[in-house]
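Engineer: Mind looking over this structure? Questions follow.
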Amino acid sequence: MFHINANYRKLPGSYLFAEVSRRVGEYQQQNPLADVIRLGIGDATQPIAPAVLEAMHKAVDEMGKLDTFRGYGPYEGYDFLLKAIQQGDYLCYGIDVGMDEIFASDGAKTDTSSIQELFAPDVKIAVTDPVYPVYVDSNALSGRLGEYDGQRWQNLVYLPCNAENGFVPELPKEKVDVIYLCLPNNPTGTTLTIEQLKPFVEYAKENGALIIFDAAYKAYIHSGAPKSIYQVPGAKEVAIECCSFSKTAGFTGVRCGYMVIPRELTGLDDLGNPQKLNALWRRRIATKYNGLNYIVQRGAEAVYSPEGRRQCHETVEYYMNNARLIREGLQKAGYECFGGVDAPYIWLKTPTDSWSFFTELLNTKQIVGTPGAGFGPSGEGYFRLTAFGTLENTKRAMERIAK
Ligand SMILES: *Cc1c(COP(=O)(O)O)cnc(C)c1O
Numbered sequence: 016m017f018h019i020n021a022n023y024r025k026l027p028g029s030y031l032f033a034e035v036s037r038r039v040g041e042y043q044q045q046n047p048l049a050d051v052i053r054l055g056i057g058d059a060t061q062p063i064a065p066a067v068l069e070a071m072h073k074a075v076d077e078m079g080k081l082d083t084f085r086g087y088g089p090y091e092g093y094d095f096l097l098k099a100i101q102q103g104d105y106l107c108y109g110i111d112v113g114m115d116e117i118f119a120s121d122g123a124k125t126d127t128s129s130i131q132e133l134f135a136p137d138v139k140i141a142v143t144d145p146v147y148p149v150y151v152d153s154n155a156l157s158g159r160l161g162e163y164d165g166q167r168w169q170n171l172v173y174l175p176c177n178a179e180n181g182f183v184p185e186l187p188k189e190k191v192d193v194i195y196l197c198l199p200n201n202p203t204g205t206t207l208t209i210e211q212l213k214p215f216v217e218y219a220k221e222n223g224a225l226i227i228f229d230a231a232y233k234a235y236i237h238s239g240a241p242k243s244i245y246q247v248p249g250a251k252e253v254a255i256e257c258c259s260f261s262k263t264a265g266f267t268g269v270r271c272g273y274m275v276i277p278r279e280l281t282g283l284d285d286l287g288n289p290q291k292l293n294a295l296w297r298r299r300i301a302t303k304y305n306g307l308n309y310i311v312q313r314g315a316e317a318v319y320s321p322e323g324r325r326q327c328h329e330t331v332e333y334y335m336n337n338a339r340l341i342r343e344g345l346q347k348a349g350y351e352c353f354g355g356v357d358a359p360y361i362w363l364k365t366p367t368d369s370w371s372f373f374t375e376l377l378n379t380k381q382i383v384g385t386p387g388a389g390f391g392p393s394g395e396g397y398f399r400l401t402a403f404g405t406l407e408n409t410k411r412a413m414e415r416i417a418k
């Protein structure tokens with residue numbers, strides 16, 4: 016028989032959220048009357064903004080008429096969307112990004128997992144720890160990380176983020192080629208200032224490394240933290256930025272994101288010749304992708320209209336009010352917790368190990384969260400609650416915590 020990609024065998028068996036679901040299902044079966052509140056979800060729950068819906072309805076109708084029907088669009092997205100992104104996310108903050116540096120896609124999970132296809136098989140990868148699992152697993156599937164020992168990947172460099180270092184990762188002690196940064200961070204809910212990001216940009220310049228910056232939560236920033244890595248001087252020479260409409264505009268089910276690959280970003284091919292990543296990615300999507308659907312692109316464009324902005328902002332504020340309630344509720348109950356100011360995640364320190372805390376919280380308070388250990392070795396001893404629930408459920412959960 017044919018052989019499969021052996022790297023699939025190396026991946027840890029059960030995906031974190033599947034395991035959480037399984038345990039909650041088991042609990043509910045044994046306690047059918049229990050009123051379980053789920054604060055484990057990393058998914059939008061509030062509906063799509065009216066201005067966005069209206070734009071998508073209009074686009075649907077255009078598809079049904081001979082003179083406005085559209086077939087295949089540009090691989091990188093229509094100009095109207097690229098322009099809206101360029102203006103609304105960059106130029107208006109004084110950040111210089113060209114339309115030809117923006118690639119629209121069906122989401123940041125797709126982009127952050129696919130970008131590694133451009134790297135040589137032996138590049139050294141570093142991630143902050145705990146981490147969004149996509150960066151790690153996608154590189155593991157390409158065979159870059161070696162074997163998994165149940166805790167750690169053999170060839171992966173972990174940059175711990177914990178209460179002790181204030182969730183500010185140290186620079187890699189060894190030479191790495193690619194560093195994934197997610198800020199504001201999922202799962203810790205914390206972020207870095209421009210000053211704290213500068214050393215990473217310097218490191219990348221000095222070591223010929225690339226930074227992949229996941230800014231999926233930038234709409235949640237309430238402190239003065241940077242909304243883009245390109246606010247750090249020189250970052251355009253060393254960083255790709257991935258963004259998403261999922262958490263900004265509730266597009267988790269609609270699907271839209273984009274990636275910025277600056278013109279100047281360069282890597283070396285096997286012959287030692289410099290190659291522009293922007294051109295390589297253009298070549299890659301022409302081969303593997305036929306563009307994002309027109310209706311969604313019109314919806315995404317409308318996120319940047321004055322009404323769209325206002326409506327999406329209201330939803331973000333709704334979630335961030337939940338975040339505040341969770342943070343304050345936990346602190347009152349004596350928990351040490353982090354995040355919840357620039358991100359819809361609250362990361363709390365657990366008195367026991369994180370899976371025991373999961374079980375205890377479910378059994379005694381009927382609240383579901385996510386054990387920190389599922390996000391990497393440095394997540395042990397922590398627990399993630401999310402602000403994506405309804406206001407009512409968030410309040411009820413905090414009342415239970417207070418008792
Ligand atoms: C939710 C999330 C995304 C968004 O992914 P999409 O594919 O755009 O829905 C990206 N990165 C992180 C860290 C996330 O938590």
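Numbering (the working numbering), first residue to last: 16 to 418.
For every residue, glycine included, the Cβ atom is placed at its ideal position computed from N, Cα and C.
So who's on the other strand from D192, going by DSSP bridges?
Structural biologist: Answer is none; D192 lacks a bridge partner.
Engineer: Heavy atom of ligand 1 less than 7 Å from the Cβ of V291, yes or no?
Structural biologist: The sequence shown places Lys at residue 291, not Val. No; taking the cut-off as 7 Å, the Cβ of K291 has no heavy atom of ligand 1 nearer than that.
Engineer: Pick out the complete beta strand (DSSP E) segments inside the region 336 to 386, 3 residues or longer, and give them in chain order.
Structural biologist: The region 336 to 386 contains these whole beta strand (DSSP E) runs: 352 to 354 and 360 to 364.
Engineer: Give the secondary structure of D229 by DSSP, where H, G and I count as helix, E and B as strand, and everything else as coil.
Structural biologist: D229 falls in the strand class under three-state DSSP.
Engineer: Where do the N-terminal and C-terminal ends of the beta strand (DSSP E) with Q101 fall, by residue?
Structural biologist: No beta strand (DSSP E) holds Q101; DSSP gives it neither H nor E.
Engineer: When the Cα of A315 is compared with those of M71, A49, G88 and E162, which residue comes out closest?
Structural biologist: Closest by alpha carbon: M71.
Engineer: Which residues bound the alpha helix (DSSP H) around F91?
Structural biologist: Residue identity differs from the one stated: residue 91 is Glu in this sequence, not Phe. Element bounds for E91: n/a, residue is neither H nor E.
Engineer: Distance check for D164 and E343, CA to CA, integer angstroms please.
Structural biologist: Whole-angstrom Cα-Cα distance: 38 Å.
Engineer: Check for me: the beta strand (DSSP E) holding P27 runs from which residue to which?
Structural biologist: Run containing P27: none; DSSP gives neither H nor E here.
Engineer: Quick check on D192: buried or exposed, where buried means 16 or more other Cβ atoms within 10 Å of its Cβ?
Structural biologist: So D192 counts as buried.
Engineer: Taking a contact to mean a Cβ-Cβ separation below 8 Å, would you say A123 touches L174 in this structure?
Structural biologist: No, these two residues do not count as a Cβ contact at 8 Å.
Engineer: Do N293 and L280 come within 8 Å of each other at the CB atom, strictly closer than that value?
Structural biologist: Result yes, Cβ atoms of L280 and N293 sit closer than 8 Å.
Engineer: Would DSSP call R124 helix, strand or coil?
Structural biologist: Just to set this straight, residue 124 is Lys in the shown sequence, not Arg. Helix at K124.
Engineer: Along the chain, where does the alpha helix (DSSP H) containing R159 start, and where does it finish?
Structural biologist: Careful: R159 lies outside any alpha helix (DSSP H) and carries neither H nor E.
Engineer: Beta-carbon separation of V172 and L212 under 8 Å?
Structural biologist: Cβ distance not < 8 Å, so V172 and L212 don't count as in contact.
Engineer: How many whole angstroms separate the CB atoms of V275 and G249, which I take to be in contact at a CB cut-off of 8 Å?
Structural biologist: That belief does not hold up - the Cβ atoms of V275 and G249 are roughly 15 Å apart, past 8 Å.
Engineer: With C-beta atoms as the reference, is I52 less than 8 Å away from A388?
Structural biologist: No. Outside cutoff.
Engineer: Rounded to a whole number of angstroms, what is the C-alpha to C-alpha distance between M335 and P199?
Structural biologist: Rounded to the nearest angstrom, the two C-alpha atoms are 13 Å apart.
Engineer: Please report the straight-line C-alpha distance between L377 and Y105, rounded to a whole angstrom.
Structural biologist: In a straight line, the C-alpha of L377 is about 43 Å away from that of Y105.
Engineer: Rounded to the nearest angstrom, what separates C352 and I100 at their Cα positions?
Structural biologist: So the two alpha carbons sit approximately 34 Å from each other.
Engineer: Is Y147 near ligand 1, with its Cβ less than 7 Å from a heavy atom?
Structural biologist: Within the cutoff, so yes.
Engineer: Tell me, to the nearest whole angstrom, how far the beta carbon of W370 is from that of P386; I am working on the premise that it is less than 8 Å.
Structural biologist: Indeed they touch by this definition, with Cβ atoms about 5 Å apart.
Engineer: Would you call the region 285 to 304 and the region 75 to 86 in contact, with 3 or more CB pairs under 8 Å?
Structural biologist: These segments do not touch.
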